[in-house]
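K.L.:
Quick one: this structure, given as structure tokens, is what I'll be asking you about.
Number of protein chains: 2
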Amino acid sequence: MTQWIWMNGQTIPMDQARIGVEDRGFQFADGVYEVIRVYEGQPFALNAHLARLWNSAAGIRLNLTIAADELAAAIRKFIELGGVREGMIYLQATRGVAPRNHAIPEGVQPTLLFYSRPLEPMAAPGQVGVSLISVEDERWKRCWVKSIALLPNVLAKTAAIEAGADEAVFVDGGVMQSGVITECCASNFFAVMNGALVTHPVGARVLPGITRALLLDLARGQNIPVQERPLTLAQAKGADEVFISSTVREINFVHAWDGVRIADGRPGPVTLSLHRALHGRIREECPMG
Amino acid sequence: MTQWIWMNGQTIPMDQARIGVEDRGFQFADGVYEVIRVYEGQPFALNAHLARLWNSAAGIRLNLTIAADELAAAIRKFIELGGVREGMIYLQATRGVAPRNHAIPEGVQPTLLFYSRPLEPMAAPGQVGVSLISVEDERWKRCWVKSIALLPNVLAKTAAIEAGADEAVFVDGGVMQSGVITECCASNFFAVMNGALVTHPVGARVLPGITRALLLDLARGQNIPVQERPLTLAQAKGADEVFISSTVREINFVHAWDGVRIADGRPGPVTLSLHRALHGRIREECPMG
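Chains A and U are the protein sequences, given in the same order.
Numbering (the numbering used here) for the first sequence: 7 to 295.
Numbering (the numbering used here) for the second sequence: 7 to 295.
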């Protein structure tokens, strides 16, 4: 089956898509991206993802030359024509092609593209648990920008896999020093402590996750106290429940961390309740067809 | 005139070169690079550049599937066939094409490419001065890897240009706090203080510059004391001479920094002496044809 890609306004077969060698996405990581979940043939939280894309682009001073609603329409059309039922849209914008030079060039047309990948339909809350390993947070200090400069994340994720774990959690200030938990390789980090939902504030060190923001909203709706504050590694490991969230993962409870079982290795009540509420929100926006 | 590129063993026209959308260099900044200067049709310090390429690759666990001497031969042949007299070779290696997933994939062929760009012949020592601005060092902590995750450098360089300066110098710990000078956007930083040559040690924060290493060697040959130690911003601004070095720049003296004139705005004697020695070394390796 032909894999299609939308690129600068045209839908073409993936194997005909050509990125220029001097695309600044390839030579400078000069770009930003989004991953959007599709449920039942509908993109979930599309407007929030596009708003973040524009924020990320502004963070690297990239002017997208398309209107957000035009891009949204192109994505919806692509999903419909491609018959995507359960999957994701991967969307990337780079500065475009220019002779190699660090400084941002003027008058260059950005490269904008997206394509879809299939995913399994969503699993019932509490079905998927993950194990974490701690790694030092060596990333740059503008993590609120969802940039393609992901090499630190690649190395951390690979370290996790090699340690037999599923995901790496970044510790700012060092693992041995019990530094501060910021977020994971490709997900946000949450702890439930004394009935409150605790997560690091977004900003220099933490991406404003779309699922993260939804979960804080849903928690408030359930009268669960929300605390956006740093936790040390030692504090977080003593939490009653630990989970991670992302667009693709939704919520995964954490059953082990650095080889030690967490919270009996089972999903806790707050984790389950929030995941059920998230599914409710998804079903409202993407009703079963 | 056709622009050529060497890509995975084949020399093809640049406009026919195609980077795959899922090349990990484009989606994850999962790659490393080198810039090699060509003088009089000869690559300068080629072995040192290739040794660093292999070190950088090891730093991101990228296995290059070509032998260094085979790559060196291909570069020399490319320079010869292309008639490159004064210029540079831009060389990049990425993890290759794989379905998007953070973890390093197995069994994927790296993407390896290089091409040339013309440059002006070298200017006489002391002819080119530059102005600097200070920016906070927000980069990741493995700067000894010459990775393509250059977005922080892009933003810093652009800030320099917009401030009317030529290059940005990174300050670890903050500019207002007079943190430590590490290096510049695309060059190493040197100060001459009480007759000694001072520069930050290489490692987490500083790339092992090829020209940097040569200059330390040449300084020792001239009995100039070499001190690899951190300097604060305030200390460095009080230096007798300030200069930056890179493969493309060789040595540029610094005449202004954050809008203030440095060392009377002229190249100092140690700067000039080292630049002359560097030219001597270049002429030994790349004799005039």
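Quick reminder that beta carbons are idealized off the backbone N, C-alpha and C, glycines included.
Quick caveat, the model's predicted, so the values are computed rather than measured.
1) Which first and last residues belong to the alpha helix (DSSP H) in which Pro275(U) is found?
2) Mapping DSSP to helix, strand and coil, what is Pro49(U)?
3) If we cut at 7 Å on Cβ distances, does Ser62(A) have a partner in chain U?
4) Report the residue ranges of all alpha helix (DSSP H) runs contained in full by the stretch 68-112 of chain U; include only those spanning at least 4 residues, in chain order.
5) With respect to the beta strand (DSSP E) encompassing Val177(U), which residues constitute its N-terminal and C-terminal limits?
6) Anything in chain U within Cβ reach of Met20(A), meaning under 8 Å, just list it in chain order.
7) Could you tell me whether any Cβ in chain U is nearer than 7 Å to the Cβ of Ile110(A)?
8) Report the CB separation of Ser140(U) from Leu239(U) in whole angstroms; it is logged as a contact under 8 Å.
9) Just grab the DSSP bridge partners of Phe195(A) for me.
10) Using DSSP with H/G/I as helix, E/B as strand and the rest coil, what is His206(U)?
11) Cys149(U) CB to nearest chain A CB: under 7 Å?
12) Just reading off the alpha helix (DSSP H) that Asn159(A) is part of, what are its end residues?
13) According to the Cβ coordinates, are Val177(A) and Gly185(A) closer than 7 Å?
14) Beta-carbon separation of Ala74(A) and Leu52(A) under 7 Å?
15) Check whether the Cβ atoms of Arg101(A) and Leu68(A) lie closer than 7 Å to each other.
16) Run down chain U in chain order and give the residues with a C-beta less than 7 Å from the C-beta of Ala219(A).
17) Could you run through the stretch 32-43 of chain U and flag, in chain order, every residue whose CB is less than 7 Å away from some CB of chain A?
18) Excluding sequence positions up to five away, which residues of its chain have a Cβ less than 7 Å from the Cβ of Ser279(A)?
19) Considering only the alpha carbon of each residue, which of Glu92(U), Ala262(U), Thr205(U), Arg30(U) lies closest to Thr117(U)?
20) Could you please give the first and the last residue of the uninterrupted beta strand (DSSP E) stretch that includes Phe259(A)?
21) Could you spell out where the alpha helix (DSSP H) holding Phe32(U) opens and where it closes?
22) Under 7 Å between beta-carbons, which chain A residues line up against Tyr45(U)? List them in chain order, please.
23) Which residues mark the beginning and the end of the beta strand (DSSP E) in which Thr188(A) is found?
24) Cα separation between Ala99(U) and Phe32(A)?
25) Just checking, does the stretch 189-206 of chain A make contact with the stretch 239-255 of chain A on the three C-beta pairs under 8 Å criterion?
26) According to DSSP, simplified to helix, strand and coil, what is Leu239(A)?
27) Does the beta carbon of Thr17(U) come closer than 7 Å to any beta carbon on chain C?
28) Please name the residue in Val114(U), Glu290(U), Cys292(U), Ala283(U) whose C-alpha comes closest to that of Gly132(U).
29) Compare the beta carbon distance of Trp150(A) and Val208(A) with 7 Å and say whether it is the shorter of the two.
30) Check distances from the C-beta atoms of the stretch 156-178 of chain U to those of chain A and list, in chain order, the residues that come in under 7 Å.
31) Which bits of chain A does Arg106(U) rub up against, with CB to CB less than 7 Å?
32) Drop a sphere of 10 angstroms on the beta-carbon of Gly201(U), count the other beta-carbons inside from all chains shown, and report buried for 16 or more, exposed for fewer.
33) Would you mind working out which of Thr188(A), Val160(A), Leu224(A), Pro158(A) sits nearest Arg211(A), comparing C-alpha positions?
34) Applying the 10 Å Cβ sphere with the 16-neighbour rule, what's the burial state of Glu173(U)?
35) In whole angstroms, what separates the C-alpha of Glu46(A) from that of Ala129(A)?
36) Cβ atoms of Gly88(A) and Leu125(A): under 7 Å apart, would you say?
P.N.:
Reading it off the structure:
1) Its alpha helix (DSSP H) spans residues 275-291.
2) Collapsing the DSSP output to three states places Pro49(U) in a strand.
3) Taking CB atoms only, Ser62(A) has no neighbour in chain U less than 7 Å away.
4) Entirely contained in the stretch 68-112 of chain U, the alpha helix (DSSP H) runs reaching 4 residues are, in chain order, 74-88.
5) 173-178 is the extent of the beta strand (DSSP E) around Val177(U).
6) Taking a Cβ-Cβ cut-off of 8 Å, the neighbours of Met20(A) in chain U comprise Val27, given in sequence order.
7) It does: the Cβ of Ile110(A) has a partner Cβ on chain U nearer than 7 Å.
8) Correct: roughly 6 Å between the Cβ atoms.
9) According to DSSP, which records beta bridges pairwise, Phe195(A) is partnered with Ile250(A).
10) Correct three-state label for His206(U): coil.
11) At a cut-off of 7 Å between C-beta atoms, Cys149(U) does not count as an interface residue with respect to chain A.
12) Looking at the DSSP string, the run of the alpha helix (DSSP H) that includes Asn159(A) is 157-168.
13) Result yes, Cβ atoms of Val177(A) and Gly185(A) sit closer than 7 Å.
14) Going by C-beta atoms, Ala74(A) is not nearer than 7 Å to Leu52(A).
15) Yes, these two residues count as a Cβ contact at 7 Å.
16) Chain U residues near Ala219(A): none, gap ~22 Å exceeds 7 Å.
17) Cβ contacts with chain A come from Phe32, Gln33, Phe34, Ala35, Asp36.
18) For Ser279(A), the CB contacts under 7 Å within the same chain, skipping 5 residues up- and downstream, are Gln228 in chain order.
19) It is Arg30(U) whose Cα lies nearest to the Cα of Thr117(U).
20) Per DSSP, Phe259(A) belongs to the beta strand (DSSP E) from 256-263.
21) Run containing Phe32(U): 30-33, per the alpha helix (DSSP H) assignment.
22) Listed along the chain, the chain A residues whose CB falls inside 7 Å of the CB of Tyr45(U) amount to none; the nearest CB is some 20 Å away.
23) Residue range 186-190 is occupied by the beta strand (DSSP E) that includes Thr188(A).
24) Going from the Cα of Ala99(U) to the Cα of Phe32(A) covers about 11 Å.
25) Because the criterion of three Cβ pairs below 8 Å is met, the stretch 189-206 of chain A and the stretch 239-255 of chain A touch.
26) Residue state, collapsed to three classes: helix.
27) Checking the listed chains, one finds no chain C in this structure; the protein chains it contains are A and U.
28) Of the listed residues, the one whose Cα sits closest to Gly132(U) is Ala283(U).
29) Yes; because the gap between Cβ atoms is below 7 Å, this pair is in contact.
30) Correct list: Leu156, Leu157, Pro158, Asn159, Val160, Leu161, Lys163, Thr164, Ile167.
31) Going along chain A in sequence order, the residues near Arg106(U) (Cβ under 7 Å) are Tyr96.
32) Per the 10 Å Cβ criterion, exposed.
33) The residue from Thr188(A), Val160(A), Leu224(A), Pro158(A) with its alpha-carbon nearest to that of Arg211(A) is Thr188(A).
34) Classification of Glu173(U): buried, given that the 10 Å Cβ count is 16 or more.
35) Looking at the two C-alpha atoms, the distance is approximately 14 Å.
36) The answer is no: Cβ separation not under 7 Å.
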